[in-house]
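Asks: Mind looking over this structure? Questions follow.
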Amino acid sequence: MFSLFCAIDGGIIALIVLSCILAAALVVMFILVPIKTWFVALVSGAHVSMARLVGMKLRKVDYRQIINSYIMARKGGIVIDVVDLETHYMAGGKVENIIKALIAAHSAGIDLTVELAKAIDLAGSDVVEAIETCVNPKIIEVKNIAAIAQDGIEVIINVNVTVKTDIRELVGGAGEDTIIARVGKGVVSCIGAAESYNELLENPSAIGDVIMRKGLDDGTAFDIISVDVADIDIGKNLGAKLEMDEAEKDRQIANAIAEKTRAAMVAEEQRYKAKTQEMKAAVLAAEAEIPKAIASAIAAGKFGVLDYYKLKNLQADTAMRSSIAGIEQDGADGEV
């Protein structure tokens, strides 16, 4: 009897222990395993194992976003592994974006692989927008492109460039800035090649035709569909301004040459005046010797007093005639 009691008591204890273990296992399972997310995936036809969900939770991955994206992919007919989504998430990618892009590409008949979608997303491009642009091309506005025609008139042009995304070139291809720069350069070249601004006003579509033939979308993430001139404005007449500036420069140069010539002539005049003064000084010095010579001649008996008075009368007569004629006498009289 005692043995039977002990056996029964041991069985109860074992049952209790087993129940505790099961209860603990259930508690751990409910803590670690997101039952609700697992069940939603199961009933949605996108089954994910509990171990996978526990691994995501332990790695601190947003398992809800992964599972929701996985369900979206399965519903959209996209064949993808949940491991790819988890890996892309851990690499810093936008999981929902690549699924939306894959579904949109699948619906539009665009050949977009999972690997390419992941690469585009990790490259920093919006893969959803890229697919939308493939279906519905967008317009890139290139404004205020100014250049000078050969007649010197400034022409200002606004251009609308219609492009669609080239999925294959999106990774590593140049972006919108390159398209804008190349189109701007092409428009400037067209304006500069025009003999007159009237040519551009009469046939603006020729600008788009020339640019389209240049293949400006090579090496970019876009295919240029069309280039349309939206507006043409006429700016300043820079040719006339340049001619006016040139004429003003020539005038200043001529004025400088004339001023240099005038200064040289003034200097020459001053030189002649100085020479004239020197000559007058020499004449006055010579005239100052006349009285001395007369006195010496009188003292030597070679010149008489009568001769002296005749000379004085001649000088007075000459001075009078000069005064009547209006001729100025500068030291003409000799003094004894």
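So that you can map any letter, position 188 of the sequence shown is 179 in the working numbering, and since no number is skipped, the others follow by simple counting. The beta carbon of each residue, even a glycine, is placed where N, CA and C say it ideally should be. Note that the structure is a prediction, hence the values are computed from the model and not measured.
1. Rank VAL174, GLU87 and LYS109 by C-alpha distance to the C-alpha of LYS205 and give the top, closest one.
2. Between the segment 122 to 134 and the segment 154 to 163, do at least 3 Cβ pairs fall closer than 8 angstroms?
3. When you compare each of MET63, ASP53, GLY100 and ALA291 to HIS79 by their alpha carbons, which one comes out closest?
4. Quick one: measure Cβ to Cβ for GLY182 and ALA140, integer angstroms, because I've assumed they're closer than 8 angstroms.
5. Below 8 angstroms between beta carbons: does that hold for ASN149 and ASP72?
6. Evaluate ASN135 with the Cβ neighbour count: other Cβ atoms within 10 Å of its Cβ, from every protein chain shown; 16 or more gives buried, anything less gives exposed.
7. Going by DSSP, name the residue or residues bridged to THR124.
8. Grab the span of the beta strand (DSSP E) containing THR153 for me, first residue to last.
9. With a 10 Å radius around its C-beta and 16 neighbouring C-beta atoms as the bar for buried, classify ALA95 as buried or exposed.
10. Could you check what DSSP says for LYS176 in three-state terms: helix, strand or coil?
11. In whole angstroms, give me the CA-to-CA distance for VAL220 and VAL201.
12. How many angstroms separate the CA atom of GLY143 from the CA atom of THR104?
13. Give the secondary structure of GLY226 by DSSP, where H, G and I count as helix, E and B as strand, and everything else as coil.
14. Does the segment 62 to 69 come within contact of the segment 33 to 50, defined as at least 3 CB pairs closer than 8 angstroms?
15. By the 10 Å Cβ neighbour count, where 16 or more other Cβ atoms means buried, how is LEU233 classified, buried or exposed?
16. Go to LYS27, then tell me how far its alpha helix (DSSP H) extends in each direction, as first and last residue.
17. Quick one: is LYS293 buried, meaning 16 or more other Cβ sit within 10 Å of its Cβ, or exposed?
18. Looking only at C-alpha atoms, which of SER217, PRO282 and GLY100 sits nearest to GLU132?
19. Would you kindly work out how many angstroms separate the C-alpha atoms of LEU207 and VAL162, rounded to a whole number?
20. According to DSSP, which residues form a beta bridge with ALA138?
21. Do the CB positions of VAL146 and GLY226 come within less than 8 angstroms of each other?
22. With ARG43 as the anchor, note down where its alpha helix (DSSP H) starts and where it stops.
23. Report the rounded CA-to-CA distance for ILE315 versus ASP241, giving the unit in angstroms.
Replies: Taking the structure as given:
1. The residue with the shortest Cα to Cα distance from LYS205 is VAL174.
2. yes
3. ASP53
4. Reading the sequence as shown, one finds Ile at residue 182 and not Gly. Their Cβ separation, rounded to whole angstroms, is 6 angstroms, which keeps ILE182 and ALA140 in contact under 8 angstroms.
5. no
6. exposed
7. THR124 is not bridged to any residue.
8. 144 to 156
9. buried
10. helix
11. 12 angstroms
12. 54 angstroms
13. Note: GLY226 maps to strand in three-state DSSP.
14. yes
15. Exposed is the call here.
16. 26 to 34
17. exposed
18. Ranking SER217, PRO282 and GLY100 by Cα distance to GLU132 puts SER217 first.
19. 18 angstroms
20. VAL146
21. yes
22. 41 to 49
23. 54 angstroms
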